[in-house]
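>
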Amino acid sequence: CTTAAMECMRQYISELLDFIADMHTLTKLKNHMKACCQPLHEDTFGGNLKVGLAQVAAMEITKGNHRDNKAVVRYLPWLYHPPSTMQQGPKEFIECVSHIRQLSWLLLGSLTHCALHQGSISCMPIPLDAGSHIADHLIVILIGFPEQSKTSVLHMCSLFHAFMFAQLWTIYCEQAAAAPSLQNQNQTEFSSSAILTGLEFWSRVTPSILQLMAHNKVMVEMVCLHVISLMEALQECNSTIFVKLIPMWLPMIQSNLKVRDSVLINKSALFHNFKLHLISLCFSTSICQLGCSCVFRPSRTG
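At position 273 of the sequence shown (counting the first as 1) the number is 314 in this note's numbering, and the numbers step up by one without a gap.
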């Protein structure tokens, strides 16, 4: 992003963001790859291209944010203005899905950049103070999903996009806590603030997840499987926020999830891995104080 090529790209950042947010981009690129003879893999080319462009957009927005977040407000004017409770109709639902997908690609670009350039200045296109507003966008999706999911494929996939974003935002907050800060404030204070932002995000979103599970058994199974997938992903990342949320998530799943035997077997193996994970962490942290006794309670369905 420091080369002269970036000067040519800078004026097209808005178009770039529209490109990575377009749901049909990957399909179009895959069809194009089938029609040409270039030695590129048709299943991975689109995703790699989007992630590369997302890195460019993430760095450009980060550089332009400074103290007043000018760049993110310019390119994402809706970020700090989620729909109100009186505005949550079909139009607002699909807009929130589109916004969450766009944010997911930006976060993925940011995290990819941080993974490839470890030790460099952090790439933070989305300010942490937007966390509560982003949670409100996500809540619109969770509340509207039972009614809107039957409309189209995009609507039906909205729950997947919601949980995928929640996973990326959690990791993003932890990356922000670990990376060198651009702000003129104490690094320890900033790190604590980043972790608290992630926890606050989940405190706002979880009631809507529970409300979604209250609809019927189909929703219970669907949500629980998404939560399990989320937990597995965060566990692989050794997520600090994940450890703090285990006492809330596991009882919720154990008390609600009653599905086919193959899923129960996988769930039992997952819980066993979580127990081992917590035991190893207890030697170096105060995990026991977080109420992890609920994790070691035998599962009746396991």
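C-beta: ideal position from N, C-alpha, C; glycine also.
1) Just how far apart, CA to CA, sit L291 and R115?
2) On a Cα-Cα basis, can you pick out the residue from S199, V181, H140 and T211 that is closest to Q252?
3) In its own chain, which residues sit with a C-beta less than 8 Å from the C-beta of Q208, not counting the 5 before and 5 after it?
4) Excluding the five sequence neighbours on either side, which residues of its own chain have a C-beta within less than 7 Å of the C-beta of Q52, listed in chain order?
5) Which residues in the same chain as T103 place their Cβ atom closer than 7 Å to its Cβ, once the five residues preceding and following it in sequence are excluded?
6) I need the DSSP call for A65, collapsed to helix, strand or coil.
7) Measuring alpha carbon to alpha carbon, tell me which of F201, N257 and M100 ends up nearest L58.
8) Can you tell me where the alpha helix (DSSP H) holding C403 begins and where it ends?
9) Could you check where the alpha helix (DSSP H) with N89 kicks off and where it finishes?
10) Alpha carbons only, please: which of C155, H140, Q128 and L94 is nearest the one belonging to L120?
11) At the level of alpha carbons, what is the spacing between L117 and V259?
12) Look at C155 and A62 and say whether their C-beta atoms are less than 8 Å apart.
13) Would you identify the three-state DSSP class for G130, choosing helix, strand or coil?
14) Taking the beta carbon of H202 as the centre, do at least 16 other beta carbons fall within 10 Å, making it buried, or is it exposed?
15) What do you reckon, are the CB atoms on V264 and L195 nearer than 8 Å?
16) For Q143, I'd like the list of residues in its chain whose CB is within less than 8 Å of its CB, leaving aside the five on either flank, ordered along the chain.
17) Are A211 and G172 closer than 8 Å when you measure CB to CB?
18) In three-state terms, what does DSSP make of A220?
Well, looking at it:
1) 40 Å
2) V181
3) L271, A274 and L275
4) none
5) C164, M165 and P166
6) Inspection of the sequence shows that residue 65 is occupied by His rather than by Ala. In the structure shown, H65 adopts coil according to DSSP, grouped into three states.
7) M100
8) Given a span of 42 to 343 for the chain in the structure shown, any question on residue 403 remains unanswerable.
9) F86 to N106
10) H140
11) 35 Å
12) no
13) Under the three-state reduction of DSSP output, G130 falls in the coil class, being neither helix nor strand.
14) When all chains shown are included, H202 counts as buried.
15) no
16) L58, I61, A62 and L117
17) Reading the sequence as shown, one finds Thr at residue 211 and not Ala. It is not a contact, given that the beta carbons lie outside the stated cut-off.
18) coil
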